[in-house]
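UniProt numbering applies: residue 1 is where the sequence shown begins, and numbers increase by one.
Data first, discussion second: the structure below is written as structure tokens.
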Amino acid sequence: MKKIVALLGILALNVSCKTASSASSDNSLKNAFKNKFYIGTAMSLPQIDGTEVKSVEIIRNQFSSIVAENCMKSMFLQPEEGKFFFDDADKFVAFGEKNKMFIIGHTLIWHSQLPKWFFVDKEGKDVSAEVLKQRMKNHITAVVSRYKGRVKGYDVVNEAIMEDGSYRKSKFYEILGEEFIPLAFQYAQESDPNAELYYNDYNEWFPEKVKTVVKIVKNLKSRGIRIDGVGMQTHVGLDTPKLAEYEKAIVEYAAAGVKVNVTEMEISALPSPWGTSANVSDKVEYEAKMNPYTAGLPENVKTEWENRYLDFFRLFLKHQDKIRRVTMWGVTDTQSWKNDFPVKGRTDYPLLFDRNYQAKPVVEKIIQLTKEK
1 MKKIVALLGI LALNVSCKTA SSASSDNSLK NAFKNKFYIG TAMSLPQIDG TEVKSVEIIR
61 NQFSSIVAEN CMKSMFLQPE EGKFFFDDAD KFVAFGEKNK MFIIGHTLIW HSQLPKWFFV
121 DKEGKDVSAE VLKQRMKNHI TAVVSRYKGR VKGYDVVNEA IMEDGSYRKS KFYEILGEEF
181 IPLAFQYAQE SDPNAELYYN DYNEWFPEKV KTVVKIVKNL KSRGIRIDGV GMQTHVGLDT
241 PKLAEYEKAI VEYAAAGVKV NVTEMEISAL PSPWGTSANV SDKVEYEAKM NPYTAGLPEN
301 VKTEWENRYL DFFRLFLKHQ DKIRRVTMWG VTDTQSWKND FPVKGRTDYP LLFDRNYQAK
361 PVVEKIIQLT KEK
């Protein structure tokens, strides 16, 4: 009799554990936003390899979309001309498919994290316009064709416009002029006509930048070249940008006939070093001032940070008809690039999951926002 009672107790415990597990799984970001827009994250190499087991579990349970943080950038995919390395990207895409996720390729054309050979000939001189066009086409065609029908969207061109609305004086621009952007989109469209194609940038709410990006969108559309969205990277802090500025940009991009992608979001709680000067003699004092929360955020800062996230997500929900996806730039605070930028060695807290792989209280509050009328 005692054995039967014990067995029944074990069965009851198993049922309750399963119920609890199901409940926590149901109460996820991806379930909360499933009828609104994709909610995603960037994946680092240890997550793609499966070695960072705890954060991989968070990705599976919480997110409906993924983007590779680094392994699909050109310096990694084609370190030498004509010699491609797809191993990491293949694993990334396979993970997304296995977990039924909306997979994003990042990024096809970017002036940074680009192999040195891309712009120069054997003598180290700038290549001609025709050679650069061919190299762009070869790279884009190889990548997009390989993942045709599997990668659902691409950041085709990344960070080409300055805050004042002028074109960044990259080698792409110097050799090809403004035409490098339409060419990149054209090559991507030819390689996979069904993939969504995006222009992606930071400080994407600056009015002059918005004007130029809208002009690019309209130009592409008038020429029959596909562009589906504008990526707003959303690397933001507690003060900048003003929510009204950000909202205005969403509305203007949508009015141009494309969806908005929030592509690389995190909110830094640390003071911004921009506009401050640091004499070498004051280096220690400066670094301490720029890294004030090594042992965790004070409650008042934590509250301010949390409210900032909630304000942004209220805005996303308000404009959910204009938004395709919201993607966090990393899973846990440990992974975030903001720990080292723009000042090395800082301890930042910009993401939704903490250094112990636990959801911060703001996650549940964001989920609750989706249930409000």
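Think of the CB as a built atom: it goes at the ideal place given N, C-alpha and C, for glycine as much as any other residue.
Since the structure is predicted, the reported quantities are computational estimates derived from the model, not experimental observations.
Just measuring C-alpha positions, the residue of GLY50, GLY96 and THR234 sitting nearest LEU351 is THR234. TRP110 has ASN158 as its beta-bridge partners, per DSSP. Where THR212 is concerned, the enclosing alpha helix (DSSP H) starts and stops at 207-222. In the three-state scheme derived from DSSP, where H, G and I count as helix and E and B as strand, LYS318 is classed as helix. Note that the C-beta distance between ASP49 and LYS91 is below 8 Å. Between the alpha carbons of ARG325 and HIS319 lies a distance of about 11 Å. Inter-residue distance for LEU77 and GLU179 is about 24 Å (C-alpha atoms, whole angstroms). Secondary structure at ALA256: coil, using DSSP grouped into helix, strand and coil. By the Cβ-count criterion, SER166 is exposed, with fewer than 16 other Cβ atoms from all chains shown falling within 10 Å of its own Cβ. Classified as buried, GLY105 has 16 or more neighbouring CB atoms from the shown chains inside 10 Å of its CB. Residue environment analysis places THR303 among the exposed positions, since fewer than 16 neighbouring C-beta atoms fall within 10 angstroms of its C-beta.
In the three-state DSSP reduction, GLY40 falls in the strand class (E or B).
PHE102 is bridged by DSSP to SER65. For the pair MET232 and GLU204, the CB atoms are nearer than the 8 Å cut-off. Looking at the backbone, the Cα of GLU252 and that of VAL214 are separated by about 8 Å. Here LEU220 is not near TYR154, since their CB atoms are 8 Å or more apart. The beta-carbon separation of THR370 and LYS36, rounded to 7 Å, stays under the 8 Å limit for a contact. Here DSSP, grouped into helix, strand and coil, assigns TYR167 to strand. DSSP places ILE323 in the uninterrupted beta strand (DSSP E) bounded by 323-328. In the structure shown, ALA195 falls within a coil segment according to DSSP collapsed to helix, strand and coil. Under DSSP, LYS83 takes part in a beta bridge, and its partners are GLU80.
Around the beta-carbon of LYS211, fewer than 16 other beta-carbon atoms lie within 10 Å, marking it exposed.
Of the candidates LYS169, ILE323, LYS137 and ASN339, ILE323 places its Cα closest to the Cα of ASN261. In the DSSP assignment, MET136 falls outside any beta strand (DSSP E) and within the unbroken alpha helix (DSSP H) covering 129-146. Contact between ASP87 and LYS148 does not hold, since their C-beta atoms are separated by about 19 Å, which reaches or exceeds 8 Å.
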